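Letter by letter, the sequence shown follows residues 22 to 446 in our numbering.
For glycine and all other residues, C-beta sits at the position ideal for the given N, C-alpha and C.
Nothing here was measured: the structure is a model prediction, and the numbers come from that model.
All remarks here apply to the structure that follows.
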Amino acid sequence: MNVLLIGSGGREHALAWKIAASPLCERLYAAPGNPGIEECGICVDLDSRDHEAVIAFCQENEVEFVVVGPETPLVAGLVDDLAAAGIKAFGPSRTAAQLEGSKGYTKDLCREFSIPTAAYERFKDAASAKAYVEAQGAPIVVKADGLAAGKGVVVAQTIAEAHAAIDDIFAGSLGAAGSEVVVEAFLEGEEASFFVLCDGAHAVPLASAQDHKRVFDGDTGPNTGGMGAYSPAPVMTAALEARVMAEIIKPTLRAMAARGAPFKGVLYAGLMITAEGPKLIEYNVRFGDPETQVLMPRLRSDLLPALVASADGVLGSFALRWKDDAALCVVMAAKGYPGPVQKDTPIGGLEKACSLDDVVVFHAGTRRSGDRILANGGRVLGVTATGRTVAEAQTRAYEAVDVIDWPGGFCRRDIGWRALEAKKR
Ligand code: AMP
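Following this line, the structure appears as structure tokens:
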């Protein structure tokens with residue numbers, strides 16, 4: 022079949038790399054793609070916000086299946102519009118994508134269906150949000166309701182900080198995403214991510230993976246889209262996985278089906294493992310980035326039939342097989358990230374890095390200029406290696422990082438430290 026992949030990040034390069042390896046895939050298109058994806062498919066200049074144009078492209082090029090990588094086109098209803106035109110797509114409908122598109126929607130669902138999460142209230146004006154903060158005390162967490170590209174959450178240590186965050190959001194710092202605010206209790210514990218492939222009724226867990234959100238070593242500094250990831254993640258034990266499935270994932274699927282919006286696609290739960298057990302921090306409705314960059318190299322099964330089965334609602338009999346090997350991804354970002362960055366700095370040594378054993382370099386914010394690769398964004402490369410253990414994968418990934426010649430970039434030097442510490446215990 023011909024497949025169209027929507028997106029241009031490291032996640033999409035990892036998906037493209039795996040989809041292109043499927044015997045089912047005849048031709049892979051990516052819109053807009055990136056120079057890394059160009060090596061496994063055909064990049065096309067197509068704006069995913071223009072649903073009519075995407076549909077016309079699929080019809081003209083006999084595309085039978087569309088895989089939507091990022092959340093924005095999902096929340097905008099691309100999957101619904103493709104379905105209405107008779108084109109099958111991987112990912113949730115517009116309504117089901119509200120699990121990521123509106124934090125208030127998800128919190129209300131948790132309340133109605135007794136899914137464990139932090140206590141909360143929703144607000145449409147600053148005065149009542151501030152009054153609630155004063156009644157609850159600090160630390161407390163202030164969140165913009167809508168999609169804010171990871172910038173919509175403030176973990177406030179003081180009441181003053183929470184008030185400032187509320188004022189900021191209602192003043193329009195995040196645009197329409199901040200027309201409503203969720204204020205919720207601060208949860209203590211270790212964070213974990215959990216990914217399941219869903220078909221509306223069934224959920225097949227993916228291998229465990231964990232990212233590092235903070236920009237600097239030791240998990241310090243501001244939050245980012247993710248500075249690296251590793252798989253497997255020791256925090257997600259079999260017992261914890263069983264609890265998360267029973268207490269969080271399955272009730273969510275039942276709830277969405279009951280609301281007439283069965284969830285299909287990847288459900289990515291951000292969890293806090295508290296003393297009382299796992300609690301849901303948030304849902305994302307797509308593959309994680311950079312986690313996908315460590316999951317794809319570990320996936321033994323063919324990805325494409327699993328994605329099609331998710332769309333077809335026949336995942337019930339599906340099992341995904343994983344390699345025993347570990348994988349670790351080091352994100353290289355442009356200096357200044359997550360703040361303003363300089364673009365167009367040249368990157369050398371990529372061929373040499375890719376020629377190392379068990380290494381694959383996924384592209385995110387890069388662009389080609391003649392035969393040179395230039396940085397074109399915040400997170401630029403995902404240098405990924407596999408090995409028998411996380412420690413071995415880490416050593417290989419940093420060996421590859423060290424042959425990349427990019428004075429305009431930086432990376433953390435401690436990706437995977439939690440997994441290595443857990444091993445010592
Ligand atoms: P989110 O975008 O909702 O995942 O939030 C971003 C980050 O903020 C999470 O990864 C947590 O580190 C932190 N966070 C969000 N909600 C809470 C909470 N209720 N308690 C403690 N930390 C939180």
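- The nearest non-hydrogen atom of the ligand AMP is 8 Å or more from the C-beta of VAL96.
- In terms of Cα proximity to VAL381, the closest of LYS364, ALA278, ILE368, ALA414 is ALA414.
- At least one heavy atom of the ligand AMP falls within 8 Å of the beta-carbon of LYS234.
- The beta carbons of VAL89 and ALA110 sit about 6 Å from each other, so the pair counts as a contact at 8 Å.
- When the alpha-carbon of PHE207 is set against those of MET293, ALA250, LEU261, the nearest one is in MET293.
- In this structure, the ligand AMP has no non-hydrogen atom nearer than 8 Å to the beta-carbon of ASN82.
- Close CB contacts of THR241 within its chain, under the 6 Å cut and outside five residues either way in sequence, are with ARG235 (chain order).
- Pairing THR127 with ASP392, the inter-Cα distance amounts to about 46 Å.
- The C-alpha of LEU402 lies about 32 Å from the C-alpha of PHE339.
- Membership of ILE180 in the alpha helix (DSSP H) is indicated by the continuous run 180-191.
- Closer than 8 Å to some heavy atom of the ligand AMP: that describes the Cβ of VAL162.
- The beta carbons of TYR419 and THR245 sit about 19 Å from each other, so the pair does not count as a contact at 8 Å.
- In this structure, the C-beta of PHE284 stays at least 8 Å away from each heavy atom of the ligand AMP.
- With contact defined as three or more Cβ pairs closer than 8 Å, the stretch 193-204 and the stretch 139-147 are in contact.
- Shown here for GLY112: same chain residues with a beta carbon closer than 6 Å to its own, the five before and five after excluded, namely VAL89, LEU95, VAL100, GLY286 in chain order.
- Here LEU324 is near SER43, since their CB atoms are less than 9 Å apart.
- Under DSSP, the beta-bridge partners assigned to SER214 are GLY291.
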